[in-house]
Amino acid sequence: MRGETRSFLAEVRAGRVEPITEVLVATIVEENPGYRGTGVVPPADLRESCRANVERVLELLAVSADGRDPQASPYFDAARATGRRRAEQGLPLDVVLRSFRIGGRLVWDDLNELAGDRLPAEELRELGSRLWVVVDESSAQVAAAYHEAEAATVRADAQLRAELWEALLAGRLRGGADEVDTARVLGVPPRTPLVVVVSDGPPPARVEAGLAVDGIASAWTPRGRGAVGVVAAPDDPCGTARRVATLWGTPPDSRAGLAVAGRLQEVERGHVEAGLALRAAAGRPGATLLDDVLPDVLLLTAPALAVRLVEQRLGRVLALPAPERDLLLDTLEAWVAAAGSAGAAASALHCHRNTVLNRVRRLEALLGQELSGPAPVELALALRAHRLGAV
Numbered sequence: 103m104r105g106e107t108r109s110f111l112a113e114v115r116a117g118r119v120e121p122i123t124e125v126l127v128a129t130i131v132e133e134n135p136g137y138r139g140t141g142v143v144p145p146a147d148l149r150e151s152c153r154a155n156v157e158r159v160l161e162l163l164a165v166s167a168d169g170r171d172p173q174a175s176p177y178f179d180a181a182r183a184t185g186r187r188r189a190e191q192g193l194p195l196d197v198v199l200r201s202f203r204i205g206g207r208l209v210w211d212d213l214n215e216l217a218g219d220r221l222p223a224e225e226l227r228e229l230g231s232r233l234w235v236v237v238d239e240s241s242a243q244v245a246a247a248y249h250e251a252e253a254a255t256v257r258a259d260a261q262l263r264a265e266l267w268e269a270l271l272a273g274r275l276r277g278g279a280d281e282v283d284t285a286r287v288l289g290v291p292p293r294t295p296l297v298v299v300v301s302d303g304p305p306p307a308r309v310e311a312g313l314a315v316d317g318i319a320s321a322w323t324p325r326g327r328g329a330v331g332v333v334a335a336p337d338d339p340c341g342t343a344r345r346v347a348t349l350w351g352t353p354p355d356s357r358a359g360l361a362v363a364g365r366l367q368e369v370e371r372g373h374v375e376a377g378l379a380l381r382a383a384a385g386r387p388g389a390t391l392l393d394d395v396l397p398d399v400l401l402l403t404a405p406a407l408a409v410r411l412v413e414q415r416l417g418r419v420l421a422l423p424a425p426e427r428d429l430l431l432d433t434l435e436a437w438v439a440a441a442g443s444a445g446a447a448a449s450a451l452h453c454h455r456n457t458v459l460n461r462v463r464r465l466e467a468l469l470g471q472e473l474s475g476p477a478p479v480e481l482a483l484a485l486r487a488h489r490l491g492a493v
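Here it is as C-alpha cells:
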C-alpha cells in the first residue's frame with residue numbers, strides 16, 4: 103500500500119489503542135450479553151484482553167499493508183491467549199467470537215473517521231478489506247486455541263475421573279471434603295447409599311437413560327470388557343437395585359452383579375460384593391442382586407471349604423466316567439430343585455418318572471444317604487459349589 107497509508111497506520115497504532123479499547127470494553131458489556139450475563143470474565147481481564155487484541159490487530163494490519171504475510175508474524179499471541187483463557191473460564195465460543203466482530207467494527211469505524219480526506223477512497227477500501235482479513239484470521243486463531251484448551255480440559259477431566267474411580271475402587275477415598283469433591287466430579291450425591299454395579303459387558307444404554315428419566319443420578323466407568331457403576335439410592339437402596347435390574351433386562355452380551363454400599367467410602371466393599379454376585383449368577387442372564395445369591399456368594403468367599411464340601415458330598419459321583427457322572431449330576435440338580443418330587447424332576451429332565459427314581463436309587467447308593475423329600479442343606483450347597491466352579 104502507499105506510503106501515506108503506512109504512515110497513517112503508524113499514527114493510529116501510536117495514539118488510538120487506548121481510546122479504541124475503552125469504547126470496545128463498554129460496547130462489549132452493552133451489546134454482548136454473554137459477557138454481562140455470565141460474570142465469568144472479570145472486568146480487568148476483559149479490558150486487558152481488549153487492549154492486547156486491538157494492539158495486535160493494528161499491528162497485523164500494518165504488517166499486511168507492508169506486503170508481508172500476517173500468518174508469518176508473531177502477533178496472534180493475544181488472540182490465542184484470549185481463546186485459551188475464555189475456554190478455561192467456560193465462556194461460550196460464539197460469545198467470544200462476537201466480541202471480535204464488535205472489535206473489528208469499532209476499529210474500522212475509528213480508521214474511517216480518522217482517515218477523512220487523508221487517504222484516497224480506493225486506498226481506504228483496500229485498508230478495510232485487509233482489516234477484515236486480519237479480524238477473520240484472528241478469530242480463527244481464537245477458535246483454534248479455544249478448542250485446544252477445551253480438549254485439554256476434557257482430557258484433564260477424564261484423567262481426574264479415572265484417578266477418582268481408581269481411588270474409589272481401591273478404598274483410598276477419605277471422608278469429608280474428599281468424599282464431597284469425588285461426588286461432585288462423578289455427579290452423584292455425597293453421603294448417601296449407592297447401588298454398585300459390576301458388569302461383564304457394556305451396560306445397555308437404556309439403563310443410564312432410564313435412571314436419568316427417573317431422576318436417579320448415576321456414574322459409570324469402563325472396566326476391562328465390562329463396566330462399573332454407582333447409582334444414587336438415598337431412599338430405597340433395594341428398590342433402586344431392583345429398578346436397575348429391570349432396566350438391564352437380559353441382553354445377550356452383558357450380565358451384572360448388584361450390591362448396596364452405604365456411601366462412597368464403602369464402594370470398595372460394594373464393588374467386591376457386586377463382583378461376587380456376578381460370579382454367583384453363573385449362566386444367569388441379566389442383573390443379579392447380591393441378596394438373591396447369598397448362599398452362592400458364601401461358597402465363593404470360602405473356596406477351601408467349598409472344595410472340602412464337594413469332595414465329602416459328591417466325591418464318588420464326580421469320580422464316575424463322564425457320561426454317567428453328568429447324567430446323575432443333572433438328575434440330582436433336578437431332584438433338589440423339585441424338593442424331592444419325582445414327577446417335577448421328570449418334567450424338568452424330559453424323561454419318565456420311573457427313570458428318575460431309578461437314577462435316584464443309584465445316587466443314594468453312591469452318596470450313602472436317602473434322598474426323600476427336600477435335600478439336606480449340605481448336599482444342596484455342594485451342588486451349588488460344583489456348579490459355580492468354586493472347586
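Add 102 to the 1-based position in the sequence shown for the numbering used here, that's all there is to it. The beta-carbon is built from N, C-alpha and C at its ideal position, and this holds for glycine as well. Only a predicted model underlies this, so the values are computations on that prediction, with no experimental measurement involved.
For residue i, report the span of its alpha helix (DSSP H) as first-last.
i    : result
A260 : A223 to L271
P121 : V119 to E133
R325 : Counting along the chain, R325 falls outside any alpha helix (DSSP H), though it belongs to the beta strand (DSSP E) covering S320 to R325.
A497 : With the chain running from 103 to 493 in the structure shown, residue 497 is simply not present.
F178 : F178 -> no alpha helix (DSSP H), and no H or E assigned at all.
E370 : V369 to A382
On the premise that residue j lies in contact with residue i, defined as a C-beta separation below 8 Å, what is that separation, rounded to the nearest angstrom?
i    : j    : result
E370 : L392 : Their Cβ separation, rounded to whole angstroms, is 15 Å, which puts E370 and L392 out of contact at 8 Å.
V198 : R188 : 5 Å
V143 : L193 : 6 Å
Y248 : S201 : Contact flag wrong, Cβ pair sits at about 12 Å.
T140 : E225 : T140 to E225, Cβ: 41 Å. No contact.
E281 : L366 : 5 Å
V360 : A343 : The sequence given here places Leu at residue 360; Val does not occur at that position. That pair is a contact at about 5 Å.
T123 : R149 : 7 Å
E157 : V125 : Incorrect: roughly 15 Å between the Cβ atoms, too far for contact.
Can you say whether residue i is buried or exposed, counting buried as having 16 or more other CB atoms within 10 angstroms of its CB?
i    : result
P305 : buried
E161 : buried
H373 : buried
T352 : exposed
S474 : exposed
S499 : Residue 499 falls outside the range modelled here, since the chain spans only 103 to 493, and no answer is possible.
H488 : buried
R461 : buried
V315 : exposed
V395 : buried
A458 : The residue asked about is misnamed: residue 458 is Val in this sequence, not Ala. The residue is buried, with at least 16 neighbouring Cβ atoms inside 10 Å.
V131 : exposed
A363 : buried
A253 : exposed
V114 : buried
P519 : Shown here, the chain extends from 103 to 493; a query on residue 519 therefore has no answer.
S241 : buried
T255 : exposed
G377 : buried
G117 : exposed
G205 : buried
N214 : exposed
T348 : exposed
In this structure, does DSSP put residue i in helix, strand or coil?
i    : result
G141 : coil
G445 : helix
V300 : strand
A307 : helix
V290 : coil
A329 : strand
A421 : coil
L275 : coil
A404 : coil
A334 : strand
T352 : coil
P194 : coil
Q471 : coil
A347 : helix
D316 : coil
P397 : helix
A116 : helix
G169 : coil
D219 : coil
C453 : coil
P339 : helix
A183 : helix
A439 : helix
R386 : coil
Could you please give the first and the last residue of the uninterrupted beta strand (DSSP E) stretch that includes residue i?
i    : result
G359 : A358 to A363
L391 : A389 to L391
For the 8 Å Cβ check, are there 3 or more pairs between the segment 288 to 305 and the segment 319 to 336? yes
Between the segment 295 to 313 and the segment 324 to 343, do three or more beta carbon pairs fall short of 8 Å? yes
Count Cβ pairs between the segment 446 to 456 and the segment 421 to 436 that sit closer than 8 Å; are there 3 or more? Put simply, the segment 446 to 456 touches the segment 421 to 436. At least three CB pairs are less than 8 Å apart.
At a cut of 8 Å, does the segment 333 to 348 reach the segment 403 to 412 through at least three beta carbon pairs? no
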